[in-house]
Every structure is written in C-alpha cells, then in structure tokens.
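Trainee: Numbered according to full-length UniProt numbering, the sequence shown spans residues 1 to 530.
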Amino acid sequence: MAERRAVPGFLGLLGMLLLSWLTPAKAAGTTERLTVLMASGPTSLDPHRAFTGSDFQIMGHLYDSLVERDMFQPVPGLLSEWQTQDQRLWRLRLTQGRRFADGSPVHARDIAYSLCRWAALNRGNTGLPLSLRRAGVSGNGEVVLELERPFTRMISAFFLIYGVKAPAAFTDTSCTADMPVGLLLLHSPPVGSGPYRIAGVDTGREYKLAAVTPVNGRTAAPFEEVLLRVETDSQARVRALANGQADIIEDPPPAPLAYLPGLPHISLTELPSDRTLFLSLNLSGDSPGNPMARGSVALTDTRVRRALTLAINKPLLAQRATDGYGAAANQMGAPGMRGFAADRADDSYDPAAARSLLRAAGFEAGLTLDLLTAPTRGSDGGRTAEVLAGMLSAVGIKVNVHRVGREEFRERVRDGRFDMALNLIGIEDGIVLSAYEAMLRPGPIRTIMNPGQYRDAEITRLLAAAETDPAAFDMAVRGIQAILDRDTPFIPLLHMRDLALHRADLIVAPRDTARIFGRAVSMRDGAPIR
Numbered sequence: 001m002a003e004r005r006a007v008p009g010f011l012g013l014l015g016m017l018l019l020s021w022l023t024p025a026k027a028a029g030t031t032e033r034l035t036v037l038m039a040s041g042p043t044s045l046d047p048h049r050a051f052t053g054s055d056f057q058i059m060g061h062l063y064d065s066l067v068e069r070d071m072f073q074p075v076p077g078l079l080s081e082w083q084t085q086d087q088r089l090w091r092l093r094l095t096q097g098r099r100f101a102d103g104s105p106v107h108a109r110d111i112a113y114s115l116c117r118w119a120a121l122n123r124g125n126t127g128l129p130l131s132l133r134r135a136g137v138s139g140n141g142e143v144v145l146e147l148e149r150p151f152t153r154m155i156s157a158f159f160l161i162y163g164v165k166a167p168a169a170f171t172d173t174s175c176t177a178d179m180p181v182g183l184l185l186l187h188s189p190p191v192g193s194g195p196y197r198i199a200g201v202d203t204g205r206e207y208k209l210a211a212v213t214p215v216n217g218r219t220a221a222p223f224e225e226v227l228l229r230v231e232t233d234s235q236a237r238v239r240a241l242a243n244g245q246a247d248i249i250e251d252p253p254p255a256p257l258a259y260l261p262g263l264p265h266i267s268l269t270e271l272p273s274d275r276t277l278f279l280s281l282n283l284s285g286d287s288p289g290n291p292m293a294r295g296s297v298a299l300t301d302t303r304v305r306r307a308l309t310l311a312i313n314k315p316l317l318a319q320r321a322t323d324g325y326g327a328a329a330n331q332m333g334a335p336g337m338r339g340f341a342a343d344r345a346d347d348s349y350d351p352a353a354a355r356s357l358l359r360a361a362g363f364e365a366g367l368t369l370d371l372l373t374a375p376t377r378g379s380d381g382g383r384t385a386e387v388l389a390g391m392l393s394a395v396g397i398k399v400n401v402h403r404v405g406r407e408e409f410r411e412r413v414r415d416g417r418f419d420m421a422l423n424l425i426g427i428e429d430g431i432v433l434s435a436y437e438a439m440l441r442p443g444p445i446r447t448i449m450n451p452g453q454y455r456d457a458e459i460t461r462l463l464a465a466a467e468t469d470p471a472a473f474d475m476a477v478r479g480i481q482a483i484l485d486r487d488t489p490f491i492p493l494l495h496m497r498d499l500a501l502h503r504a505d506l507i508v509a510p511r512d513t514a515r516i517f518g519r520a521v522s523m524r525d526g527a528p529i530r
C-alpha cells in the first residue's frame, strides 16, 4: 500500500517540475547566491570538533585542510610538503601565499596551533588516536610535529585538520598534551582561510555564508553568498528544486531519478562517495551498568547474528531500497579502497540456513527486534528499513521499525536504546583500517560507530600493530576481516552512491567526498573554482 500511495505524490512532483520548466523561477541563472538543501544539519560549527558529513560540508567552505584530497589521494593544502622517516617525527612545509579571512597571512605558527588545538579537543578519539607530544616552528620556518608514538595514518589526520589562526598568546611552549583551555578559543569559532565566512545562523535550519573579500593570495569565491538549508524530507527537497527555492539538493529519493534528469532544466550528478550503510547490532543486552540501555539478549548469540546475515538478500536490497543507486556491501570498504579484500567471497543469502540457526539458538517460534533508523539513509528515500524488515520476517524475525529524527537517533544509539540501527560511515581517506579504528577500538563509552560495544582482544592487538608499523597494515586488515566474519558484530549492507540533483546550468565537479558545493560549482560556461 505504501508504494501505491507514493505514485500520486511522485506524479505531482513531476508535474511541478514540468511547470517550473515552462515558467522558470526568477532566481535561476544568478551567480550571486547558491542555495543548497542539505539532508541533515551540523552537530558543531567548531572546525576541530567536526565529526559528521554535514559538519565537514559547512567547515570546508570556511576553512582549508592541512592536506587536501583528490578523491583518496593527498594533494597540497595549507601544507605543500610533509615528510617523516619514522612515522613519529614529522617536518611540514607551509604553502606560501595563503591568507585568513581577516586578510592576515597564514604562518607556520598557525599550523602548529591548529595541530595542537585539534589534538587537545580530540583526545581519546578512537578513529584517529593521535598522541601529540609537541608542535612548533623550526629555524627554517618548517613546522616540526612530534608524536608520543609512531602513527601510520597521520596523512589521514591531515585531511581532517583545518588550519585556523593562532591567538597572540600561543607559543611553542604552549603546545603540549594539556594545552591551557584559554588558548582553545571555545567561545567562538576561530578564523579560517576558506573563501567564505559565516554571515548568519538559524541553528538546525539555515546557515548563511558570505564570500570573503579577495586579497593577494586568495582566489575569489565563486558565489557572493552560499545558503545551506536543512531539509530532512527528501520529497520536500525535490519540491524546493522544482519551484526555484533551491539550486542543488543532495540525497534525492530514488523514485524520481529515472525521470527528473531527462527534463531540460534538471541535471543529476554522481558525486565521489565513501559511504557504507551498515546494520549496528546491540550486543550488550540490557547493560546493567547503564540503566538507559535496552537491547535484545538474543543478539548476544552469534547464531542469531549469523542468521540475520543469511536472511538478507543484499543485491535485492540495493535494487528495492535505492532502485540500483546503491550496491551490495559485503565488507565495510568499497572496491578501490586500500584494504578492500577482492578475493573475499560475497555474503550468502540462505533463508533456510537462517531459520536453522534460529532454531538452534532457541528461537524456533521466531523473535521480535526493534530497528532504529533516521528518516533517510543516503539516497534510499527511507525505504531500506522496510525492505530489510520484510526480508527478516521471511525467516521468523518480526521487525518493528522506529523512524526518528537524526538527533534522537544519535541519542538513542549512544544510550544503547536499540536492538538494531541503520548506521552510516564515511571512509574519507579510502583506507579500510580507518573505519575499523573508529568502529572496533575499545573505548570507555558507547560510540555512534560502535554502539553495540563489541570488542575483541586480537582485533585490538592488530589495530595497535598497524597503527605504528606500516608493514603490519595489510596483515591487520586481513586478520580483522576474518574475526568479523566469525563474530558478525555488525552487518555491511550497501555502498551508497552520493547523488545531487541541480539546475542544468550548473557544473558540479567536486574532487573529493565532502560536498563543498560553494567551491565545486560553477556556471555551465565556466570552470569550477576551488
């Protein structure tokens, strides 16, 4: 019935788009403002507390990373060179001529401060366990970064660390593991070197960015203003594009994608993607130590978790949930990423074996599980949860789908108030081990990436070995994958394709996965300005 009700809604959208083509909106064609509809809002406006894709999407307009990405390959950003002999002592050379939004030049001390501030605010980060000892400026103007222990994925950290202006009180002696809180400038976001600045904020709804005045060493921003609006309803995003209230919408629902790009004033662009949709499983049961936690004891049984995997037809899930705009995921990394196991067999779909495992686990009569999900997961139009529930019901697992807002989703996952949750991870550096670090390194608290609180001593050992020794990297990834196949602490589902619908007179050409549209968009007769 749900699918039948969706048809009139889609036809209405199609009619609206045709009407908008015949009577184009007044805003079309202007380069003064770019209006983008985001699927979710940021969790922070502090560049060194950025965590979600939406955080990085906004920060990327305001700040420059120490090292930029050409897809997954490092290219110069605020740093022109980075060298190390032992993965512990790094020498960093500054790109010349960069300036902050206030017109002042970017100096090496600003880079040192940025490293120290990021390390101080991200102490205990399970995905990038950076153990900074000190950072300062040498006599020849290089930044010298010293770590407590070797760290093989330092360049991955450089991707995510934005350069900010250092306060006058900052000195080389300030940069320690316990940098004084007064130097962290927590009262307001620090000054960045990106082409835009924040001009207005309606928290959770709208973020207005204004172009910074060009000066020597700064490329002019492509637009005078970028308006980033949050609209969690994918159909509403399409309507906004149709009536001229938006120039670009991200994560469009799958149903219209077969028709909308055929209209002369609408284009579809596939963006670089690093996102994998996976099923988080709460392995901690009721967690007596956490009175808020609620999880099914059934999921502590490996046989039940294995039955879930066998009951899911992933190619069919990709087709029905995303109309083929997602691909079956049998491991967290996608093809082309470092650590992707090309020789690993795809997961089997075997509902009979799933039912047999459930009987062996004592659930011959079936069981009931709750599935927590945000309104949409990438370009799935919100359909993944229902399709997944239907597949599991075929083997005797009744699934109650709880669709909640993104903030409530994060809160419930962090609290452990779920059985299963549709989760999404972006592997920004294209290194599978980075995902494993975020999802599998044991920590003192429940995290979004490891809400089931799974831990394994051998995985912890393998992660520690790969963190300090580049030669141990590939062996660690293979060993971790074998343990995950044995224990099934989570289930990869889909590699999501990132899509954007936009006005046909715009060129959307990002070189990485961060969706920095205010840098990566130009008019059809021009070239992207980055």
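Glycine included, every Cβ here is placed at the ideal spot set by N, Cα and C.
Distance check for F158 and T152, CA to CA, integer angstroms please.
Mentor: Along the sequence shown, one-based indexing puts residue 152 at 152. Along the sequence shown, one-based indexing puts residue 158 at 158. Going by the C-alpha atoms only, they are around 12 Å apart.
Trainee: Am I right that G518 and V212 are in contact with their C-beta atoms under 8 Å? What's the rounded C-beta distance?
Mentor: Along the sequence shown, one-based indexing puts residue 518 at 518. Along the sequence shown, one-based indexing puts residue 212 at 212. About 11 Å; that fails the 8 Å criterion.
Trainee: Between the region 341 to 354 and the region 308 to 324, are three or more C-beta pairs nearer than 8 Å?
Mentor: Judged by Cβ distances under 8 Å, the region 341 to 354 makes contact with the region 308 to 324, as three or more pairs qualify.
Trainee: Quick one: what's got a C-beta closer than 6 Å to Q83's C-beta in the same chain, skipping five residues either side?
Mentor: Residue 83 sits at position 83 when you count from the first residue of the sequence shown. Result list for Q83: R91, in chain order.
Trainee: Using DSSP's beta-bridge definition, name the partner residues of K208.
Mentor: Locating residue 208 in the sequence shown gives position 208, where the first residue counts as 1. Paired residues: G200, L227.
Trainee: I need the DSSP call for K314, collapsed to helix, strand or coil.
Mentor: Along the sequence shown, read from residue 1 onward, the residue named residue 314 stands at position 314. If DSSP states are grouped into helix, strand and coil, K314 belongs with the helices.
Trainee: Using the C-alpha atoms, what's the distance from L299 back to L145?
Mentor: On the sequence shown, residue 145 is found 145 positions in, with the first residue counted as 1. On the sequence shown, residue 299 is found 299 positions in, with the first residue counted as 1. The straight-line gap from Cα to Cα measures roughly 44 Å.
Trainee: Can you grab the Cα-Cα spacing for the pair R410 / S54, in whole Å?
Mentor: For this step, residue 410 is matched to residue 410 along the sequence shown. For this step, residue 54 is matched to residue 54 along the sequence shown. Between R410 and S54, the C-alpha separation is close to 14 Å.
Trainee: Using the C-alpha atoms, what's the distance from P214 back to E224?
Mentor: Within the sequence shown, residue 224 is the residue found at index 224, counting from 1. Within the sequence shown, residue 214 is the residue found at index 214, counting from 1. The alpha-carbon atoms of E224 and P214 are separated by roughly 11 Å.
Trainee: Closer than 8 Å is the cut-off here; do at least three beta carbon pairs connect the region 39 to 49 with the region 496 to 516?
Mentor: In short, these stretches do not touch, since the Cβ pair count stays below three.
Trainee: How is H48 classed by DSSP in three states: helix, strand or coil?
Mentor: For the purposes of this step, residue 48 is identified with residue 48 of the sequence shown, where counting begins at 1. Residue state, collapsed to three classes: helix.
Trainee: Since L184 contacts A120 with CB under 8 Å, what's their CB separation in whole angstroms?
Mentor: Sequence index remark: in the sequence shown, residue 184 carries index 184 (1-based). Sequence index remark: in the sequence shown, residue 120 carries index 120 (1-based). So it is a contact: roughly 6 Å between Cβ atoms.
Trainee: Do P252 and S234 have their C-beta atoms within less than 8 Å of each other?
Mentor: The residue labelled residue 252 in the question sits at position 252 within the sequence shown. The residue labelled residue 234 in the question sits at position 234 within the sequence shown. Contact flag set, yes.
Trainee: Please report the Cβ distance between A199 and A210, rounded to the nearest whole angstrom; I am assuming they are in contact, meaning their Cβ atoms lie under 8 Å.
Mentor: Residue mapping note: residue 199 aligns to position 199 of the sequence shown, counting from 1. Residue mapping note: residue 210 aligns to position 210 of the sequence shown, counting from 1. Rounded, the Cβ-Cβ distance is 4 Å, consistent with contact.
Trainee: What do you reckon, are the CB atoms on R229 and M391 nearer than 8 Å?
Mentor: For the purposes of this step, residue 229 is taken as residue 229 along the sequence shown, with counting starting at 1. For the purposes of this step, residue 391 is taken as residue 391 along the sequence shown, with counting starting at 1. No, the Cβ-Cβ distance between R229 and M391 is not below 8 Å.
Trainee: Going by C-alpha to C-alpha distance, which of R497, V143, R134, A482 sits closest to R149?
Mentor: The residue labelled residue 149 in the question sits at position 149 within the sequence shown. Considering only alpha carbons, the answer is R134.
Trainee: Going by beta-carbon coordinates alone, are V75 and A112 separated by less than 8 Å?
Mentor: Looking up residue 75 in the sequence shown gives position 75. Looking up residue 112 in the sequence shown gives position 112. No, they are not a contact pair.
Trainee: Below 8 Å on the Cβ atoms is my contact criterion, and I expect L424 with V477 to pass it. Report the Cβ-Cβ distance as a whole number of Å.
Mentor: By 1-based counting over the sequence shown, the position of residue 424 is 424. By 1-based counting over the sequence shown, the position of residue 477 is 477. Not a contact, Cβ separation roughly 21 Å.
Trainee: Measure from the alpha carbon of T460 to the alpha carbon of each residue in V137, A471, A438, then state which is nearest.
Mentor: Translated into the one-based positions of the sequence shown, residue 460 becomes position 460. Selected option, being the one with the closest Cα: A438.
Trainee: Please check the pair residue 532 and H61, which I expect to be a contact at CB under 8 Å, by giving their CB distance rounded to whole angstroms.
Mentor: The question about residue 532 has no answer here: the residues shown for the chain are numbered 1 through 530.
Trainee: Along the chain, where does the beta strand (DSSP E) that runs through residue 532 open and close?
Mentor: Outside the displayed range of the chain (1 to 530) lies residue 532, so it cannot be described from this structure.
Trainee: Any idea which residues DSSP pairs P76 with across the strands?
Mentor: For the purposes of this step, residue 76 is taken as residue 76 along the sequence shown, with counting starting at 1. Its beta-bridge partners are V67.
Trainee: Taking the alpha helix (DSSP H) that I111 belongs to, which residues open and close that run?
Mentor: Mapped onto the sequence shown, residue 111 falls at position 111. Start and end: 108 to 121.
Trainee: Would you check if the distance between the CB atom of L499 and the CB atom of E270 is smaller than 8 Å?
Mentor: The count along the sequence shown starts at 1 and reaches residue 499 at position 499. The count along the sequence shown starts at 1 and reaches residue 270 at position 270. Yes, these two residues count as a Cβ contact at 8 Å.
Trainee: Suppose the cutoff is 6 Å on Cβ atoms and the five residues either side in sequence are ignored; what does the same chain contact list for R294 look like?
Mentor: The count along the sequence shown starts at 1 and reaches residue 294 at position 294. Around R294: R417.
Trainee: Going by DSSP, which residues form a beta bridge with L89?
Mentor: What you label residue 89 is simply residue 89 of the sequence shown in a count that begins at 1. Its beta-bridge partners are E146.
Trainee: I'd like to know whether the C-beta atoms of D419 and S284 end up nearer to each other than 8 Å.
Mentor: Locating residue 419 in the sequence shown gives position 419, counting from the first residue. Locating residue 284 in the sequence shown gives position 284, counting from the first residue. Not a contact, by the Cβ cut-off of 8 Å.
Trainee: Check D370 in the structure and name its three-state DSSP category.
Mentor: Position 370 of the sequence shown, counted from the first residue, corresponds to residue 370. In this structure, D370 counts as strand in the three-state DSSP scheme.
Trainee: Considering Cα atoms alone, identify which of R305, Y436, A169 is closest to I491.
Mentor: The residue given as residue 491 occupies position 491 in the sequence shown. Considering only alpha carbons, the answer is R305.
Trainee: If you reduce the DSSP assignment to three classes, tell me which class H502 lands in.
Mentor: Along the sequence shown, one-based indexing puts residue 502 at 502. Three-state DSSP puts H502 in a strand.
Trainee: If I measure Cβ to Cβ from T302 and keep anything under 7 Å in the same chain, skipping five residues before and after, which residues do I get?
Mentor: Counting from one through the sequence shown, the residue named residue 302 turns up at place 302. Here the set comprises D487, T488.
Trainee: Whole angstroms is fine: what's the gap from N282's alpha carbon to D469's?
Mentor: In the sequence shown, residue 282 corresponds to position 282, counting from 1. In the sequence shown, residue 469 corresponds to position 469, counting from 1. Going by the C-alpha atoms only, they are around 32 Å apart.
Trainee: Use the C-beta contact count for R441: other C-beta atoms within 10 angstroms, 16 or more gives buried, fewer gives exposed.
Mentor: To locate residue 441, count along the sequence shown from 1; it is residue 441. Under this definition R441 is a buried residue.
Trainee: Can you give me the C-alpha to C-alpha distance between V404 and Q87, rounded to a whole angstrom?
Mentor: Working through the sequence shown from its first residue, we reach residue 404 at position 404. Working through the sequence shown from its first residue, we reach residue 87 at position 87. Rounded to the nearest angstrom, the two C-alpha atoms are 43 Å apart.
Trainee: By a C-beta neighbour count over all protein chains shown, 10 Å radius and 16 as the cutoff for buried, is Q57 buried or exposed?
Mentor: Residue 57 sits at position 57 when you count from the first residue of the sequence shown. That one is buried.
Trainee: Terminal residues of the continuous alpha helix (DSSP H) containing S393?
Mentor: Here residue 393 is taken as the residue at index 393 of the sequence shown, counted from 1. Here the alpha helix (DSSP H) through S393 covers 384 to 393.
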